[in-house]
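Chains as they are written, first to last, in the numbering used here: chain B, 1 to 351; chain L, 1001 to 1351; chain Z, 2001 to 2351; chain W, 3001 to 3351.
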């Protein structure tokens, strides 16, 4: 497969995650952009919508219904949740050869009732919901390799689960006492016109949002439930930070067996020894978002808490890359038998 | 006292906290700046060191030893910890009439051993350490009114304790299970030349620091110990946010009696009903640093956690104002019998 | 007049300039906010629209048509251009006692044809256009003192004209060769939901806009024409800078008589010797926006260019204060015989 | 040459330009990092100095004198000016096979007297000064291809000269009336510990600096003199913008023949038709730094001024890439006969 050229379509190419798939695809040796859809901007050249993508000879934006999927091998979907279900279903039924990498939230939850409870509407493609593989590459690699529909995790769940799954599996932490304090840059809020996303509103300040209500919670709970074999409820509070990219989770856990940060680090090192994108930092080194900006890396570290029997986990990644578009490309590499790091070797952009 | 003019000296006027005392003093109707010290900049006009203060006819910067304290009524000290002790002692012994509002860390801890353990050196003014009153105005107002030496709390302790003291006193929270996730702008790191404080290093990113080691921890523990009547150890992790001013604490607590956010809000409303600077926001409204930038206000709110028996507290303030210089002026108002809000009525600067 | 309480209405209180009038009014000893209008937010408490103004006991927002102007002494208008004309006319005709301080663009241009050419519509209150006094306080103080309708200059014109009028009057510069390179923070773009104003779009970058087309140009040309006695056409290019407040103009001029920066500084010093808000910095000191953030000050300096016969002027101010709301208050002070600095003594907020 | 592996040394690897060479080299298929020097950090792993480079298996930092240059094919030099001369001379004399790509200022000026006048010291390697080729790839490609020592232009000169050289050659502009207003992010100021580079000082503000004194001026004048065949003096004023990367120049020119923006665009299109990294945008489209962040592209556009006979040029690039490290790699590609875009295909990182 290494020399194959795969033709890719990107749904929702006028959003930030769609754009970052395009950015990465442009230097991926096996990818060719065949179609870019963005209904409200259909007919425009890419340069009008994303000037930074406008120097690369891409096709103009089209409406979804006008795109020709017959020659397309893989579709990346960056549409808002809700709209994705029917479109996915339509494309996959009409073009069974297409493989679908979904970056929206629509196929992440396995349980239709949970979906309905958190998203306020019944799922309209429950059969595909069952078929979808959860695209946390490091933990679902085998299933991803043969999947037709991969549901990439949300950005927060990626950072949370890479830290917590190995610990939950190993029983190192009290699964009933997990507090996740999450911080994200503004790109996580998307490109929609919201007052809170204006430079003057979000700059020089920080604010919690969606306290106890963020839709990434059930996804984290679902996967921690599978890892631990028990139902899980977490405490999760996200915050907006005045930066564009990057996300950092500080997770407070209880270690019932009195395990220390060193034990957590050892569990991670074992779980991720061969992983190209998950890194356990040296003891005492603090992960920071600056180190991963624009790259597909996720950094982890653990610290002893002064309260006995507690530990502090820090995980960081670029929400648009490892938290979305990069992980999507990584999954595509797995699905098509390419080396997993293909097109994802970028070093972070710092400063 | 209302018409009195008090002559003030500011020690460490080339730092951010010193400068913010000067900023506030310039519009305080009862304050006149008599002396500004900054040893490395002695002899310079203020405009060279802080151009924004240079339009107001202030005296030039001098060395501490060259300042004339005889006509000075009150000294604000913005020196680094460690250097403050001897200077305070010297000034107060030579000029017993002077009242001293210390914004450094040197007199906050009541126990000399705790001081030595956290600051790595023995305290050299332990007698004054005993005399100093902890300057959390809302909880030590009476003692402050007659104190000669007031040790203003650190910025993080102010935000933490305003939220936690009423709850600890009322037994609403499990004092052994307090997790504080703190976020601060760069001015909290001071004006010193540190690589991590450069725009290119701190911008567009966020990073935890001082994990389990920050020197504001013992101060919070000391005061929560007093409030609850038990020894307290907390979990405390601060983070640097790419903004200049502002600080926000998300505090995760357990409510042993099953109390909800509404109970916490009720306890706060009772404690702070008459306070001009502490505000319990409407139910569901999220405090954000933007709302307090440049002002002396502290905002509080509480939210139910999805984990039963847990709650999420959010407190925010401007680290240089209510977290330092503003609280210092507030204490001075109390010490000299002035209305407590004098000179502190500024509305936050937004955007 | 010094002890009088003036009742003020603010039109367009949900925009940034309206909000900054309210911020300043709240600590102005002679002002009481009687009415706040914001049609799309009518009925809401101020705290919902501007949390930082929500701690001060202000009236709720109302629709313009529901406000009672009978007891109002002064109206500050922060509406968008175009909508202002009819409303101003309506208020002033119904309530002849009211004095009107307009921060919109509607009454700045004296010539109806110029207005129509730049704003794309005929002016609907040309009689009042004739009556309006241009509110550049330092140069129109006498006329302002007796005016019923004051049209405050735009932010760029304020910074440009304070630098250029004394030079144009004295014939120090070639009036046909003025190049103004202007830089502004995002608050100058208002609170409207525009993609270019999003944090992710405007952050970590800068961009020119409105090249050769910005509507502040005719206003600058009008006033320079008056000052020099000749028709003037300028070169003016504004740029968006990733900050919320502040504006800095670098103006490149030719000095036909070979005058140097020192001559320009001397002309300014003479013109502004008694002005409380216009400051000529020491020779060689560079004005920067940080020095005036949140304050009503304007800083000027001039530098020799390496090209003989040219000079470089730098002027800076806070676009929302001296460039808008602060200047509006300053004009109101003049109109009502109050000391001109009343309520405007705030020192800049730095850092 | 296309499959060759070149061994590279980087001098000054602890600075931002050095680090960006390493970032780009890590994904360049023909480059292998053989040595990284940084005297003050010698002995440390790269991860300690630049965490974002620490995931890639690079050699530890060494002192210059400890590096083994025998197997090195190319040296990239990111040292401060002044220190570079002797080191360059030493390396090239001891290792004649090495080719040297200098990003410092030491070999950019052809005239030793000009060097001494602007840098305050006599040049100590004047023979090499004569040998050095000015590394503005698009205009010195042939000479670069055979050069042993290439002096890469400063970031401002690159943006200025790409815009101005074709116009100066074609006589489209009045060479005696060029006003360059330049804006740069903080990384242009380097990683040194300067108060003005602190987040709190540089954030939320902008400031001119080095007015009429910046050392990039003689370099621009030198090259415009060559292009026009006449001595040139320019007006040049740089400004610091609160962003890390990116630089934008607004250049005001006079067109003696009454040429319009369209003529300028035509001249550029002719000059740069085949250039992979220089782009003339569509008519009316404004270049902005966001479009080039992290990439090697330079964007140009021209606009009619309202003053007849004047035009406004806008050019933008990433100061660390096309303005420094990227251009250095581009020159190396030319020197070694590689396709010029090798390793430089990165799309800009946006947002």
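Using N, Cα and C, we set each Cβ at its ideal position, and we do this for glycine too.
Check                                                                                                                                    : Outcome
DSSP state of residue 2044 of chain Z mapped onto helix, strand, coil                                                                    : coil
Closer than 7 Å at the beta carbon, the chain B residues around residue 1222 of chain L                                                  : Ordered by position in chain B, no residue passes the 7 Å Cβ test against residue 1222 of chain L, which lies about 14 Å from the chain.
Identity of the residue in B:123, B:243, B:21, B:327 nearest residue 340 of chain B by Cα                                                : B:327
Residue 1239 of chain L burial status per 10 Å Cβ neighbour count (16 or more: buried)                                                   : buried
Beta-carbon proximity of residue 3345 of chain W to residue 27 of chain B, cut-off 7 Å                                                   : yes
Amino acids of chain L, ordered along the chain, whose beta-carbon sits closer than 7 Å to that of residue 2348 of chain Z               : 1052
Partner residues on chain L for residue 3260 of chain W, Cβ-Cβ distance less than 9 Å                                                    : Ordered by position in chain L, no residue passes the 9 Å Cβ test against residue 3260 of chain W, which lies about 39 Å from the chain.
Contained beta strand (DSSP E) runs [length at least 3] in the segment 3176–3235 of chain W, N- to C-terminal order                      : 3179–3184
Neighbourhood of residue 1070 of chain L by C-beta distance below 8 Å, restricted to the same chain and skipping five residues each side : 1095
The alpha helix (DSSP H) enclosing residue 32 of chain B, as first and last residue numbers                                              : Taken as a continuous stretch (DSSP letters only), residue 32 of chain B belongs to no alpha helix (DSSP H), being part of the beta strand (DSSP E) at 31–37.
Extent of the continuous alpha helix (DSSP H) run through residue 1139 of chain L                                                        : 1137–1146
Where residue 3339 of chain W sits in the DSSP three-state scheme                                                                        : coil
Interface residues of the segment 3314–3329 of chain W facing chain L [CB-CB below 9 Å]                                                  : none
Short CB-CB distance (under 7 Å) between residue 244 of chain B and chain Z                                                              : yes
Pick from B:271, B:251, B:329 that is closest to residue 312 of chain B, judged by C-alpha positions                                     : B:251
Bridge partner(s) assigned by DSSP for residue 1063 of chain L                                                                           : Its beta-bridge partners do not exist; DSSP assigns none.
At least three beta-carbon pairs within less than 8 Å, the segment 3300–3308 of chain W to the segment 3269–3288 of chain W              : yes
Endpoints, the alpha helix (DSSP H) within which residue 2165 of chain Z is located                                                      : 2155–2169
Partner residues on chain Z for residue 186 of chain B, Cβ-Cβ distance less than 7 Å                                                     : 2199, 2200
Inside the segment 2259–2331 of chain Z only - alpha helix (DSSP H) runs reaching at least 4 residues                                    : 2261–2272
Nonlocal neighbours in the same chain, by C-beta distance under 7 Å from residue 1030 of chain L, ignoring five residues either side     : 1004, 1005, 1006, 1338, 1342
Below-7 Å beta-carbon distance, residue 1291 of chain L vs any chain Z residue                                                           : yes
Chain Z within 7 Å of residue 1055 of chain L, Cβ atoms only                                                                             : yes
Close Cβ partners of residue 3107 of chain W (< 7 Å) along its chain, the five nearest in sequence each way excluded                     : 3128, 3129, 3132, 3149, 3151
Closer than 7 Å to chain B by CB, residue 2203 of chain Z                                                                                : yes
Proximal chain B residues relative to residue 1215 of chain L, where beta-carbon distance stays under 7 Å                                : Per Cβ cutoff of 7 Å: no residues; residue 1215 of chain L is ~13 Å from chain B at best.
At least 3 beta-carbon pairs within less than 8 Å: the segment 151–160 of chain B vs the segment 211–223 of chain B                      : yes
Alpha helix (DSSP H) segment containing residue 3248 of chain W, residue limits                                                          : Taken as a continuous stretch (DSSP letters only), residue 3248 of chain W belongs to no alpha helix (DSSP H), being part of the beta strand (DSSP E) at 3247–3254.
CB contact check: residue 74 of chain B to chain L, cutoff 7 Å                                                                           : no
Sequence-distant residues of its chain with Cβ nearer than 8 Å to residue 3224 of chain W (five each side left out)                      : 3161, 3164, 3165, 3168, 3175, 3178, 3232, 3234
Inter-residue spacing [alpha-carbon to alpha-carbon] between residue 3245 of chain W and residue 3294 of chain W                         : 8 Å
Under 9 Å by beta carbon: chain L residues contacting residue 3191 of chain W                                                            : 1195, 1198, 1200, 1201
Close-in-space but distant-in-sequence residues of the same chain around residue 1309 of chain L (CB under 7 Å, 5 per side omitted)      : 1254, 1255, 1258
Residue closest to residue 2226 of chain Z, alpha-carbon to alpha-carbon, out of Z:2077, Z:2104, Z:2134, Z:2067                          : Z:2134
Where residue 2183 of chain Z falls, given that 16 or more other Cβ within 10 Å makes a residue buried                                   : buried
Closer than 8 Å at the beta carbon, the chain Z residues around residue 3212 of chain W                                                  : 2303, 2304, 2305, 2306, 2312
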